[in-house]
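**Student:** Chains as they are written, first to last, in our numbering: chain A, 29 to 140; chain B, 1496 to 1983. Beta carbons are placed, not taken as given, at the ideal position from N, Cα and C, and that holds for glycine. Since this is a predicted model, take the numbers as computed values, not measurements.
1) Just to confirm my understanding: we take residue 57 (chain A), look at its own chain, exclude 5 residues before and 5 after, and list those with CB closer than 7 Å. What are they?
2) Are residue 53 (chain A) and residue 38 (chain A) close, meaning C-beta to C-beta below 8 Å?
3) Could you please give me the residues that DSSP links to residue 1690 (chain B) through a beta bridge?
4) Just verifying my parser: in three-state terms, what is the DSSP assignment at residue 43 (chain A)?
5) Hey, out of B:1795, B:1885 and B:1967, whose CA is closest to residue 1712 (chain B)'s CA?
6) What ranges does the alpha helix (DSSP H) occupy inside the region 1812–1893 of chain B, keeping only unbroken runs of at least 4 residues that lie completely in it?
7) Residue 1648 (chain B) CB to nearest chain A CB: under 8 Å?
8) Starting from residue 111 (chain A), find everything on chain B with Cβ-Cβ shorter than 7 Å and list it in chain order.
9) Just the chain B side, please: which residues come within less than 9 Å of residue 38 (chain A) by C-beta, in chain order?
10) Please decide whether residue 135 (chain A) counts as near chain B, where near means a Cβ-Cβ distance under 8 Å.
11) Give a yes or no on whether 8 Å exceeds the smallest Cβ distance from residue 1664 (chain B) to chain A.
12) Could you tell me the distance, in whole angstroms, from the CA atom of residue 1553 (chain B) to the CA atom of residue 1561 (chain B)?
13) Determine the DSSP secondary structure at residue 1737 (chain B), reduced to helix, strand or coil.
14) Over the uninterrupted beta strand (DSSP E) stretch that includes residue 1540 (chain B), give me the two end residues.
15) For residue 70 (chain A), which residues in chain B fall below 7 Å Cβ to Cβ?
16) Do the region 1965–1975 of chain B and the region 1669–1680 of chain B touch if we need at least three Cβ pairs shorter than 8 Å?
17) Just the C-alpha distance for residue 1900 (chain B) and residue 1612 (chain B), rounded to the nearest angstrom, thanks.
18) Can you tell me the Cα-Cα spacing of residue 1750 (chain B) and residue 1971 (chain B), whole angstroms?
19) For residue 1627 (chain B), does the three-state DSSP call read helix, strand or coil?
20) How about residue 1831 (chain B) and residue 1937 (chain B): do their beta carbons lie closer than 8 Å?
21) Using a Cβ-Cβ cutoff of less than 8 Å, which residues in the same chain neighbour residue 72 (chain A) once the five nearest sequence positions on both sides are dropped?
22) Just the Cα atoms here: how many angstroms apart are residue 43 (chain A) and residue 1933 (chain B)?
23) Under 7 Å Cβ-Cβ, which residues of chain B neighbour residue 63 (chain A)?
24) Identify each residue in the region 1784–1800 of chain B for which the Cβ-Cβ distance to at least one residue of chain A is less than 8 Å, and report them in chain order.
25) Tell me the residue span of the alpha helix (DSSP H) that contains residue 1713 (chain B).
26) Any beta-carbon of chain B closer than 8 Å to the one on residue 33 (chain A)?
27) To the nearest angstrom, how far is the alpha carbon of residue 1683 (chain B) from that of residue 1742 (chain B)?
28) Spell out whether any CB of chain D is found under 8 Å from the CB atom of residue 66 (chain A).
29) Identify the continuous alpha helix (DSSP H) that holds residue 1564 (chain B) and give its terminal residues.
30) Between residue 1653 (chain B) and chain A, is there a C-beta pair that is closer than 8 Å?
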């Protein structure tokens, strides 16, 4: 139970970083941390201590194995996260070309 | 055959990537052809008598991914493919001034694939994947012009949208941890026995928070008013007309009505969020002088009507909400296309710099008048009937305050659009625009098509209601019957 709670703490740290930090690069790091926290949580859901990889053999059908489905899902989720991080970094590069700063307080042409 | 809805746009995105470099027009032809074929298919789905189910790879239902098209999905398929088709036709002339257009059409096709995928999928994780495809392509399309404001708006949209997606994925993790299944019908079945576990309630609240960010309901609305005006006009009309509905309202109503089951507390949450966005959206809209920003704030307000109608939960409220969703996609897309036409001719979005355009741009002016009257809810046009249903449902459910606020917000909307009509089209003091011409044919075609649709839906509303809206609302009213239909 405690290890799941630590995932929640990591998630909250990421969200805190997203909202509080003023630097665009640090915001992207916060975004990455939230994604990793969820990925870790999902993997831990299917994990058993001392279990094997889920490979069935003909003469040994009763092995204790971890749940393979979260691993397959998280592989997809990591790829999506990579896409978001790559896009946001390229966006920040273009923003730096236009504004010459990474500070979110100085990038304020639009008023919510 | 229902996998065609997300496979065909992906194939055409790939084809555009290969052939679009050769000549600019090829990419437009491929994208438009794709959306036209899908438009025909989406109309065909209304006439099938049973729920269409396709199992990917032939795996049986609780184990593999399945695609489901019921009547509720086909309402959304019609909305998505109709608006996409008209926006693509509009793009032909409007986007000529930009270079490397094949990237634009590739992103458009990916957006279409994501939206259609969200609507047809019957698997919760697959829902998340398609939602991310649609979201990432819309972040990129918002930044397409590449100016200062567009990049800033896109970054803001990206950060808030990603938080929303993270919440949704977190919710999926909780559901999987508790129920060990991801199939929507199977989850719905398992929840019959496990509903009140605290992890399920927590997952539901994560879903509501995440999907409210995608819908831009009021406490979560900050990104919308920046992102929608910054995009090119066809994309604004897609974002306001389709994306917030499909990613937000579709997800919310599918999860709440069909999977978790509707109850009194959820009804209160939806009514509160809906009424709040309705009022706050219109109050923020009335002071705006940027035409597209004004329309974006009105989107928040009108989505509030839809969520309020769904939250009332009586058959009449649900019919009203879904009908208003259908109408809003027509007239709000039309208004964004009008704003784009004005921007195309006189290069400004500021209402104070426009004026007296009704003589030189008659079709833009008249279609915008029709759309304004529809959004304000004037009787013969389409917006009136759906608002009437929602208001009647609110009073019949004894929600007098919500019903009264509906009427008040409708009046403020009318005032706000009278301002638009006066400053943009009828202001005689500004005489600088005598020598401009009406916009090119492709833009005129899309605008007049949508304007005629506004009038036709208003005049023949019983037909639309009987054939499209009511079958869709029955899926929501029957609620948990969803899993019985699919599992058998």
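**Tutor:** To lay it out plainly:
1) So the list reads 45, once near-sequence residues are dropped.
2) Note that the C-beta distance between residue 53 (chain A) and residue 38 (chain A) is not below 8 Å.
3) Under DSSP, residue 1690 (chain B) forms no beta bridge with any residue.
4) Helix, per DSSP.
5) Residue B:1795 is the option with its Cα nearest to residue 1712 (chain B).
6) Qualifying alpha helix (DSSP H) stretches, in chain order: 1857–1871 and 1877–1891.
7) Yes, because at least one Cβ of chain A sits closer than 8 Å to the Cβ of residue 1648 (chain B).
8) Here the neighbours are 1631.
9) The contact set of residue 38 (chain A) on chain B, defined by CB atoms closer than 9 Å, is empty, because the minimum CB distance reaches about 12 Å.
10) The beta carbon of residue 135 (chain A) sits closer than 8 Å to some beta carbon of chain B.
11) Residue 1664 (chain B) counts as touching chain A.
12) It is roughly 9 Å from the alpha-carbon of residue 1553 (chain B) to the alpha-carbon of residue 1561 (chain B).
13) It is helical.
14) Neither: residue 1540 (chain B) is in no beta strand (DSSP E) and is coded neither H nor E.
15) Within 7 Å Cβ-Cβ: 1668.
16) Taking 8 Å as the limit for Cβ pairs, the verdict is that the region 1669–1680 of chain B does not touch the region 1965–1975 of chain B.
17) Computed Cα separation, rounded: 36 Å.
18) It is roughly 10 Å from the alpha-carbon of residue 1750 (chain B) to the alpha-carbon of residue 1971 (chain B).
19) In the structure shown, residue 1627 (chain B) sits in a helix (DSSP, three-state: H, G or I).
20) 8 Å or more divides the Cβ of residue 1831 (chain B) from the Cβ of residue 1937 (chain B).
21) The residues 31, 32 and 35, in chain order, have a CB closer than 8 Å to that of residue 72 (chain A) in the same chain once the five nearest residues on each side in sequence are set aside.
22) Looking at the two C-alpha atoms, the distance is approximately 49 Å.
23) Result: 1661.
24) Under the 8 Å Cβ criterion, the region 1784–1800 of chain B contributes no residue.
25) No alpha helix (DSSP H) holds residue 1713 (chain B); DSSP gives it neither H nor E.
26) At a cut-off of 8 Å, the C-beta of residue 33 (chain A) has no neighbouring C-beta in chain B.
27) In this model, residue 1683 (chain B) and residue 1742 (chain B) are separated by some 20 Å (Cα to Cα).
28) The question asks about chain D, but that chain is absent: this structure's protein chains are A and B.
29) That residue, residue 1564 (chain B), is in no alpha helix (DSSP H); its beta strand (DSSP E) goes 1561–1564.
30) The Cβ of residue 1653 (chain B) sits closer than 8 Å to at least one Cβ of chain A.
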